[in-house]
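**Q**
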Amino acid sequence: MFKYSITLLSLAFVSACTTQPTGNTHSTPYTHSTINSHPALNTHANSDSNIFINKLLKINDPQFITQASDGTSTYHSLNAYKAWEALYIRYTKRDLVDNVTDGSTDSLKQRSSDKELTKTEIKKLLLIGYIAKLHADGATSQSLSSDLTPLYNSHSTSFLQVMTELPFLIPSTCYFLGNHFGFEDKHADKKTPFLKANAALLVTALGAEQGNACLEKIR
Amino acid sequence: MSYIIEVQRNLLKGTGTLTYTFGTVSVSTTCWFEQANPIPAKRYTGCYATHMNSKTNSKGKKREAIYLPDEQTGRGGIFIHMGNSAAWSEGCIVIKEAQVIKMWNSIHPKETNNVTVIVKNA
Numbered sequence: 682m683f684k685y686s687i688t689l690l691s692l693a694f695v696s697a698c699t700t701q702p703t704g705n706t707h708s709t710p711y712t713h714s715t716i717n718s719h720p721a722l723n724t725h726a727n728s729d730s731n732i733f734i735n736k737l738l739k740i741n742d743p744q745f746i747t748q749a750s751d752g753t754s755t756y757h758s759l760n761a762y763k764a765w766e767a768l769y770i771r772y773t774k775r776d777l778v779d780n781v782t783d784g785s786t787d788s789l790k791q792r793s794s795d796k797e798l799t800k801t802e803i804k805k806l807l808l809i810g811y812i813a814k815l816h817a818d819g820a821t822s823q824s825l826s827s828d829l830t831p832l833y834n835s836h837s838t839s840f841l842q843v844m845t846e847l848p849f850l851i852p853s854t855c856y857f858l859g860n861h862f863g864f865e866d867k868h869a870d871k872k873t874p875f876l877k878a879n880a881a882l883l884v885t886a887l888g889a890e891q892g893n894a895c896l897e898k899i900r
Numbered sequence: 085m086s087y088i089i090e091v092q093r094n095l096l097k098g099t100g101t102l103t104y105t106f107g108t109v110s111v112s113t114t115c116w117f118e119q120a121n122p123i124p125a126k127r128y129t130g131c132y133a134t135h136m137n138s139k140t141n142s143k144g145k146k147r148e149a150i151y152l153p154d155e156q157t158g159r160g161g162i163f164i165h166m167g168n169s170a171a172w173s174e175g176c177i178v179i180k181e182a183q184v185i186k187m188w189n190s191i192h193p194k195e196t197n198n199v200t201v202i203v204k205n206a
């Protein structure tokens with residue numbers, strides 16, 4: 682229960698990062714045009730927040746429920762899962778290209794590394810990891826086991842800042858960082874160099890207790 | 085049309101046998117799963133042949149898989165998909181890629197809740 686409270690507070694914070702103005706909200710009176718351009722009306726951000734809350738609290742999103750003429754309702758959990766999966770893809774900056782014009786039916790490619798993740802995107806990505814671990818989400822956990830460590834390697838400073846700011850994200854993040862090594866029978870030999878390069882950094886950034894707990898999960 | 089996949093697990097070993105028959109297509113193969121946290125042994129109805137959009141197959145395309153509904157597994161994102169050992173699973177059931185493809189190709193239409201997965205423990 683305590684964990685949920687912490688998560689909901691953090692979720693509200695993350696949501697606020699994307700849906701509220703960053704400056705003094707009372708300095709400019711709202712006009713019709715400013716209301717229309719207000720980030721809180723950004724349906725993309727609101728949609729993301731809904732997906733996070735529904736997944737965290739196991740709420741069946743009404744948009745995936747259909748009702749037959751006899752009144753029976755059906756929940757389309759695959760569609761709900763695909764919405765969650767799309768969120769993951771957005772925050773790992775993976776591009777899905779369907780129906781490309783080269784004749785192939787689909788292709789999947791990793792965006793180039795020049796597309797940096799922002800700190801807010803890292804917060805949301807690590808929140809996805811928290812929820813995936815909390816609910817033992819198989820496919821998301823598998824994707825994070827493949828993707829999170831390379832993303833950490835290219836954004837370690839921002840990752841450590843987020844983990845310091847939101848310590849409830851540390852256990853799940855460290856689990857996925859460690860699970861990368863050997864997952865799908867790959868990268869097992871890279872664990873020792875990773876620990877060598879990051880052990881001191883993690884302890885310094887997270888403090889001795891949290892840092893060493895994180896290292897234990899990675900080992 | 086309804087398709088039935090059966091999974092007979094040995095919880096002590098973390099392996100089992102997956103069987104599937106439809107028309108001339110027949111699969112009987114070793115499967116692996118996460119021993120520490122397996123999904124409940126039960127009959128899962130309304131499963132789907134679909135793709136995992138954030139994982140790739142050996143050709144770099146979206147991974148073919150069978151989705152088991154979250155509300156029945158009590159978890160999230162549980163699929164039957166390609167893999168060579170339990171190291172490919174965080175709760176999913178994995179079998180060799182060629183066997184997934186064989187089974188997956190025989191299921192029509194895709195993205196439809198026309199598959200039943202029966203999981204039993206030995």
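Chains A and B, in that order, give the protein sequences. Using our numbering, read the first sequence as starting at 682 and increasing by one per residue. Using our numbering, read the second sequence as starting at 85 and increasing by one per residue. Heads up, the beta-carbon is just placed ideally off N, CA and C, and yes, glycines get one too.
By the criterion of Cβ-Cβ separation under 7 Å, what are the contact partners of Thr821/A in chain B?
**A** Numbered from 1 along the first sequence, position 140 holds the residue referred to as residue 821/A. By Cβ distance, chain B contributes Gly160 and Gly161.
**Q** Rounded to a whole number of angstroms, what is the C-alpha to C-alpha distance between Ala878/A and Lys871/A?
**A** Indexing the first sequence from 1 puts residue 878/A at position 197. Indexing the first sequence from 1 puts residue 871/A at position 190. Each residue's Cα considered, the two are about 11 Å apart.
**Q** Once you ignore the five residues that flank Gln842/A on each side, which residues in its own chain have a CB closer than 7 Å to its CB?
**A** By 1-based counting over the first sequence, the position of residue 842/A is 161. Contacts found: Lys800.
**Q** Give the list of continuous alpha helix (DSSP H) stretches no shorter than 4 residues that lie fully inside the region 99-177 of chain B.
**A** Within the region 99-177 of chain B, the complete alpha helix (DSSP H) runs of at least 4 residues are 154-157.
**Q** Mapping the DSSP letters down to three states, classify Arg792/A as helix, strand or coil.
**A** For the purposes of this step, residue 792/A is identified with residue 111 of the first sequence, where counting begins at 1. Because Arg792/A carries a pLDDT of 45, less than 50, the predicted location of this residue cannot be relied on, and the following value inherits that uncertainty. Coil, per DSSP.
**Q** Compare the Cα-Cα distances from Arg900/A to each of Glu890/A, His861/A and Gly888/A and report the closest residue.
**A** Along the first sequence, read from residue 1 onward, the residue named residue 900/A stands at position 219. Selected option, being the one with the closest Cα: His861/A.
**Q** Please classify Lys204/B: does DSSP put it in a helix, a strand, or coil?
**A** Indexing the second sequence from 1 puts residue 204/B at position 120. Correct three-state label for Lys204/B: strand.
**Q** Helix, strand or coil: how does DSSP classify Val884/A here?
**A** One-based indexing of the first sequence puts residue 884/A at position 203. If DSSP states are grouped into helix, strand and coil, Val884/A belongs with the helices.
**Q** What are the start and end residues of each continuous alpha helix (DSSP H) run of 4 or more residues lying completely inside the region 819-877 of chain A, in chain order?
**A** If we require 4 residues or more, the alpha helix (DSSP H) runs fully inside the region 819-877 of chain A come out as 819-835, 837-846 and 851-860.
**Q** Pull up the CB-CB distance for Ser173/B and Glu118/B, whole angstroms please, since I reckon it's below 8 Å.
**A** On the second sequence, residue 173/B is found 89 positions in, with the first residue counted as 1. On the second sequence, residue 118/B is found 34 positions in, with the first residue counted as 1. Right, their Cβ atoms sit about 5 Å apart.
**Q** Can you give me the Cβ contacts of Ile123/B inside the same chain, cut-off strictly under 6 Å, excluding the 5 residues immediately before and after it?
**A** Indexing the second sequence from 1 puts residue 123/B at position 39. Result list for Ile123/B: Thr157 and Ile162, in chain order.
**Q** For chain A, check one thing: does any of its Cβ atoms lie closer than 8 Å to the Cβ of Glu155/B?
**A** Taking the first residue of the second sequence as position 1, residue 155/B is located at position 71. For Glu155/B, the answer is yes, since a Cβ of chain A falls inside 8 Å of its Cβ.
**Q** If you follow the alpha helix (DSSP H) that Ile740/A is in, where does it begin and where does it stop?
**A** Translated into the one-based positions of the first sequence, residue 740/A becomes position 59. Here Ile740/A belongs to no alpha helix (DSSP H), and DSSP marks it neither H nor E.
**Q** Name the DSSP beta bridge partners of Arg93/B, please?
**A** Within the second sequence, the letter at position 9 stands for residue 93/B. BP columns for Arg93/B point to Gly100/B and Asn205/B.
**Q** If distances are taken between C-alpha atoms only, which option among Ser754/A, Cys855/A and Asn741/A comes closest to Tyr762/A?
**A** For the purposes of this step, residue 762/A is taken as residue 81 along the first sequence, with counting starting at 1. The shortest Cα separation from Tyr762/A among Ser754/A, Cys855/A and Asn741/A belongs to Asn741/A.
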